[in-house]
Structure formats: C-alpha cells, structure tokens
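Comments concern the structure below.
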Amino acid sequence: MKRISLLICTMLTTLLASAQYWQQQTDYVIDVFLDDKAQTLKGNVYIEYTNNSPDELPFIWFHLWQNAYKNDRTAFARQLLRDKDGKARLKGIKDKGSIEDLAFTVEGKTARMEPDPENIDIVKLVLPEPLKPGKKIILKTWFTVHIPTYASRSGRLGQAYLMCQWYPKPAVYDRKGWHPMPYLDQGEFYSDFGNFTVNISVPSSYVVGATGQLQNEDELAIYKKIGANNLDSARVLMKYTPAGSNGTKILTYKASRVHDFAWFADKDFIIRYDTAQLSAGTTIDVFTYGYENGTPSWKNSVSFIEDAIRHYSNWLGEYPYPVAQAVEGPQNVSSGGMEYPMITLITSPGASNSQMDGVITHEVGHNWFYGILGSNERDHAWMDEGLNSYFQFRYEAEKYRTNSIFGDAIPPEVKAKPLKEFESTIYAVLSGQIPMEEAIETPAADFADKDKYAMVEYIKTAVWMYIIEQVIGRDKVDAAFKEYYNDWKFKHPYPEDLKEEFRKQSPSNIDGLWQLLDKKGKFE
Ligand SMILES: [Zn+2]
C-alpha cells in the first residue's frame, strides 16, 4: 500500500474511532450514617445509570469491595498471603469487613443478584428488563458496611475512619467489554465517571474531609477559619470544637466528573486551609487534615499541594476541580499514600520535607493520571503510576535536586550539575541499578510481589518516558501530553490512545519506542 493511502486510512480510522467513542455515565446520590459505636456505615445508594453504549445490557456487574475483608479466601486475602508481610497484615484485621443488607431495585422493581462464582466482592445485577442503548435507569439499594480494621486502603484505626471503596459500585462497561474485578492490594481500579451528591451523617465532634465540595456553609466557614489560622505555624493551633457536642450532623458533598468518592473522619484532625489561584483566574480551596503530633513536615502540606497543582496544570492541563485536599494517615500506617479524586491519603510518617513534598505531589498528581485521565489501572498500571512517577521525578529534580528513589544517595557532584545533566544522571542510574525484569505492559496482579510491581510500573515506566524524551525531545513529549489531556480528560484512554498522541508529534519512531513496553529486562 502506498504511503498516501496509508495516511488516509489512518486518518479515517482515527476519525471513526473518535466518532464512535462512548462511555457509560453513573450519577450517585448516597446517604450514609456512621455509627462509631457499632462500627458500621448504614446507608442507601441511588444510581442513575446511563447506557451510552451501542449494546443492550441484560445485567450490570457490581463491585462490593468491602467484602474483600470478610474472610481469608477472597482474592485480596489470597494475594496478601503471598507477600512476606501479608500474613501479619491479614491477622491484623481484627474486625472483619463486609457489605450486607443489599436489596436492589431497578426502576422500583426488585432485581436479582447473581453471585460471581469466584469472588464475593463481585455480583451480577440482573435487570428486570434489558437496558437499551441510549436509555437510563435508576438503581437503588440499602447497604450496611461493617467497617474493617484498617489494613489495606479502607477501614478504621481507633477513631480514624478511612472510608474508601465503601459503597456498591457498577463495574465499567467500555468499548472492550465488562471489567469486573475483585479488590486487590496490589492492583488498583477502573471506574466510570459521574456526578456525586453524598450526605454523610457523623457524630458532630468529627472533622470530615471528602471528595468534592462541602455544601454546609456554616461548617465550611468554621473549617476555613480554623484552617487559615493553622496555616501560620507561628500561631497557636486551633482545634475543631463542634457546636453541639452530643448530636450528629449531616454534611453534604457534591463532586462532578469524578469516578470515585472517598471520605476521612477523625475527631483530632488539625485543619489547614489556603486558596490557590490557577492561571486561568479560577480560585480553588486547598485543605489538609493532619495531627498535632504528626509528621513535622506536614505543616507545609498545603503549600506542597499548591505547588504540585501549579506544576501539573502547566505540564498537562489546568486542575478542573474546585477543591484539593490531603489527609495525614495515622502515624502507625506507612504505606506511602493513596489517591482519590480531590482528596488523597498520605501515609508517610517521618517523611522529611522533600520526601513529604514528593509523596504529596505524587498523590495530587494522580488527579490527572487516574482521576481525570481514567485509565484501567488494573490492566495498565503504568498509565497512572508510571506516567505520574515520571512527572513526580521531574518535579523533585527541578525543586530539590533529589529523587524519591535515590534521595540522599545522590553525590554532591551530581547535584551540582545543570538540571538537564542532573536529570540524565538520575535516569541513567535508575535504569542501571533497579531490577526491571518484567515488561511494563504486565497486569498489576501478575507481578510476583509488590516490590517488583513498583519497580516496573513506577520506575521502569519513568525511565522509558525519559528514553522517549531523549529520542523525540522534551518539547514533543510535553506537547503530546497536553494533547492527551485535552482529548482524553474525563474519558477512558487505553495505551493505543496515548500512542496516537505521541505519533502525532513524532510519526517516524514511535512504533519502536512503544515496543519497549513489552521489553523484558533493562533497556539497552
Ligand atoms: Zn501512585
């Protein structure tokens, strides 16, 4: 085939692909009540599910991820048992978790759940009538979550409530089919976009941080007043004191164009608050929630969020949400951090200033690589973790002349080099010294352990991005990412979609560079 007709073919395919793109819409209203005596969440969820696919759907796969903590036979438990510290972590779950009392209705009619034969945290909701293309339905159910002892992303430690993966949630149906997946520790998520209204009822003594914008004006004003005071570390720390000490309060949060909703509650949270001006002129609220005796570098958490948002907005596209927040995890948890839309959990006790900045930047950066660019993390972990780590390393190099992996091991003569040479050295050392046996394009659950998963998905991918920089130039890499953001924000991009953006910048050599995703071992 001649070159010119190939070009036309490619253009046609691209046109057709973009014309045919669709994704499902899942809009939620959730009422949830925290009982901190019984250690339960009770609530109801109301989902408006819109079928934008060209297919008739006889059922919808649902995730019930709190059931992952129910016994030692779930996919999560079996994966944990394989890890060297896994048995201890599993034993540490004193209170088992689960989600019970489900009773789905679809458009008011009772609907049947078919259990997945393999996983108790996945069910098939059989629709009373198939859902036609272009139509929407209302799905409703009660639920009770028995809150587990915190061991993996979600649960309770003392009076700290970390409420993640806590409500019944439809799996993604996309152009490649259904994506039901059991909860795993090593291996993340994939969810459809939508709008959330969540009414959280808690004893009034709790401070809550959640995905979205708090709608209760009185409560918000108190958080801002306390938070602004605490931003200045020279001032006496102000603590939250509830208006009525024995009652409960209902806090309402709204979030648009997100694919998850997490919330965190503690009576001892120290609130910090500032506003940040974005380059387009919009102002966003920045909150952090930490502890009086937490990690000292946390006092700079608000400015770390602001700087991360400035950098990622410049590199990729402007932060699109009205609020950005981070929560300091309990001091006995040290898993690094975990991202959710507009809010992130930071579990890095004892982190130095630059380490804290690095981990907060990484987690805030996930608002782009995961939150806005909603890829399938379970199958293509490099698309969120790896691309995000690449930008995190650039941030750290520029600001601190350090790197999360090498840190203090970087010799002074390397630190003294100009930025470009400094970065080259870091990536050269990373590619030479880090074991990177598996191919980048390996599903998260297929790695033998968490260390191997992290080495390859985070670091090998960052090194691969740097190789692309060397071949096509950083300007083109940055241009490709800006286009990627523009074309795929609030959508579900796959690896081939990112490749197309790079091909537009550098048509001649992108196939060879993309083949490196399947390369085992080190890049030569
Ligand atoms: Zn990450």
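Numbering (the numbering used here), first residue to last: 59 to 582.
For each residue, glycine too, the CB sits at the ideal point set by N, CA and C.
Please read all numbers here as calculations on a predicted model, not as lab measurements.
Limits of the unbroken beta strand (DSSP E) element including residue i
{"i": "Asn129", "result": "Premise fails: Asn129 is in no beta strand (DSSP E) and is neither H nor E."}
{"i": "Arg170", "result": "Arg170 to Pro173"}
{"i": "His237", "result": "Gly235 to His237"}
{"i": "Met396", "result": "Gly394 to Tyr398"}
{"i": "Glu187", "result": "Ile180 to Leu189"}
{"i": "Tyr44", "result": "A query on residue 44 cannot be resolved here, the shown segment of the chain reaching from 59 to 582 and no further."}
{"i": "Gln389", "result": "From DSSP, Gln389 is part of no beta strand (DSSP E); its letter is neither H nor E."}
Spatial neighbours of residue i in its chain, beta-carbon cut-off 7 Å, leaving aside the 5 residues before and after
{"i": "Val529", "result": "Asn567 and Leu571"}
{"i": "Arg211", "result": "Cys222, Gln223 and Met396"}
{"i": "Ser63", "result": "Since pLDDT at Ser63 reaches only 48, below the 50 mark, its modelled position is unreliable, and the value read off the structure follows with that caveat. Contacts found: none."}
{"i": "Asp179", "result": "His121, Leu122, Trp123, Asn125, Ala126, Thr132, Pro240 and Tyr241"}
{"i": "Pro173", "result": "Val181"}
{"i": "Gln78", "result": "none"}
{"i": "Ile151", "result": "Tyr127, Pro206, Thr207 and Ala209"}
{"i": "Lys145", "result": "Leu139"}
{"i": "Lys193", "result": "Asn109"}
{"i": "Ala218", "result": "Asp324 and Pro388"}
Extent of the continuous alpha helix (DSSP H) run through residue i
{"i": "Asp276", "result": "Glu275 to Leu289"}
{"i": "Met523", "result": "Thr519 to Ile530"}
{"i": "Ser412", "result": "Asn411 to Gly423"}
{"i": "Pro470", "result": "Pro470 to Lys473"}
{"i": "Pro553", "result": "Pro553 to Gln563"}
{"i": "Ser371", "result": "Ser359 to Trp373"}
{"i": "Trp572", "result": "Ile568 to Gln573"}
Exposed unless 16 or more other CB atoms sit within 10 angstroms - verdict on residue i
{"i": "Gln573", "result": "exposed"}
{"i": "Phe581", "result": "exposed"}
{"i": "Asp290", "result": "exposed"}
{"i": "Ser489", "result": "buried"}
{"i": "Gly166", "result": "exposed"}
{"i": "Asp576", "result": "exposed"}
{"i": "Thr299", "result": "exposed"}
{"i": "Glu471", "result": "exposed"}
{"i": "Gly348", "result": "buried"}
{"i": "Pro565", "result": "exposed"}
{"i": "Glu176", "result": "exposed"}
{"i": "Gln491", "result": "exposed"}
{"i": "Phe387", "result": "The question names Phe, yet the displayed sequence has Gly at residue 387. Buried is the call here."}
{"i": "Pro469", "result": "exposed"}
{"i": "Gly531", "result": "exposed"}
{"i": "Arg330", "result": "buried"}
{"i": "Gly267", "result": "buried"}
{"i": "Asp324", "result": "buried"}
{"i": "Glu515", "result": "buried"}
{"i": "Val294", "result": "exposed"}
{"i": "Glu583", "result": "For the chain, the structure presents residues 59 to 582; residue 583 sits outside this window and is missing."}
{"i": "Ala502", "result": "buried"}
Nearest-angstrom Cβ-Cβ length linking residue i and residue j, presumed shorter than 8 Å
{"i": "Lys547", "j": "Leu431", "result": "7 Å"}
{"i": "Tyr231", "j": "Gln273", "result": "That pair is no contact at about 31 Å."}
{"i": "Ile205", "j": "Tyr104", "result": "Incorrect: roughly 22 Å between the Cβ atoms, too far for contact."}
{"i": "Asp442", "j": "Tyr428", "result": "4 Å"}
{"i": "Asn253", "j": "Asp89", "result": "Actually they are not in contact, since the Cβ atoms of Asn253 and Asp89 sit about 16 Å apart, beyond 8 Å."}
Residue i to residue j span [Cα, whole Å]
{"i": "Arg61", "j": "Phe560", "result": "In this prediction, Arg61 has a pLDDT of 47, which is less than 50 and means its spatial position is unreliable; nothing more can be read from the coordinates."}
{"i": "Val417", "j": "Ile258", "result": "28 Å"}
{"i": "Glu277", "j": "Ile308", "result": "10 Å"}
{"i": "Ser462", "j": "Gln413", "result": "7 Å"}
{"i": "Trp200", "j": "Lys100", "result": "8 Å"}
{"i": "Pro399", "j": "Asn425", "result": "6 Å"}
{"i": "Thr402", "j": "Lys534", "result": "30 Å"}
{"i": "Pro116", "j": "Glu187", "result": "7 Å"}
{"i": "Thr108", "j": "Phe480", "result": "50 Å"}
{"i": "Thr341", "j": "Tyr379", "result": "10 Å"}
{"i": "Met59", "j": "Tyr370", "result": "At Met59 the pLDDT is 43, less than 50, meaning the model places this residue with poor confidence and gives no usable figure here."}
{"i": "Glu495", "j": "Lys518", "result": "9 Å"}
{"i": "Pro553", "j": "Lys142", "result": "32 Å"}
{"i": "Val344", "j": "Leu336", "result": "12 Å"}
{"i": "Asn411", "j": "Ile118", "result": "46 Å"}
{"i": "Ala382", "j": "His317", "result": "16 Å"}
{"i": "Leu477", "j": "Gly408", "result": "28 Å"}
{"i": "Ser393", "j": "Lys190", "result": "43 Å"}
{"i": "Gly155", "j": "Gly213", "result": "8 Å"}
{"i": "Lys457", "j": "Arg136", "result": "41 Å"}
Other residues of its chain near residue i: CB distance less than 8 Å, five sequence neighbours each side excluded
{"i": "Lys562", "result": "Ala538 and Glu541"}
{"i": "Met171", "result": "Phe120, Leu160, Phe162, Val181, Lys182, Leu183 and Val184"}
{"i": "Ser448", "result": "Note on residue identity: the sequence assigns Tyr, not Ser, to residue 448. Within the same chain, Tyr448 has close Cβ partners Thr519, Ala520, Met523 and Tyr524."}
8 Å Cβ cutoff, residue i in contact with chain C
{"i": "Ile517", "result": "Judged by its chain identifiers, the structure shown contains no chain C, having just a single protein chain."}
Residue i CB to nearest heavy atom of ligand 3 below 7 Å
{"i": "Asn461", "result": "Looking for ligand 3 in the displayed structure turns up nothing; the ligands present are ligand 1."}
Residues of its chain near residue i, where Cβ-Cβ distance is below 6 Å and the 5 sequence neighbours each way are ignored
{"i": "Tyr281", "result": "Ile329"}
{"i": "Asn434", "result": "Tyr248"}
{"i": "Leu65", "result": "Low confidence applies here, because Leu65 scores a pLDDT of 47, under 50, leaving its location unreliable and the question unanswered by this model."}
{"i": "Val385", "result": "Gly267, Phe322, Tyr347 and Leu403"}
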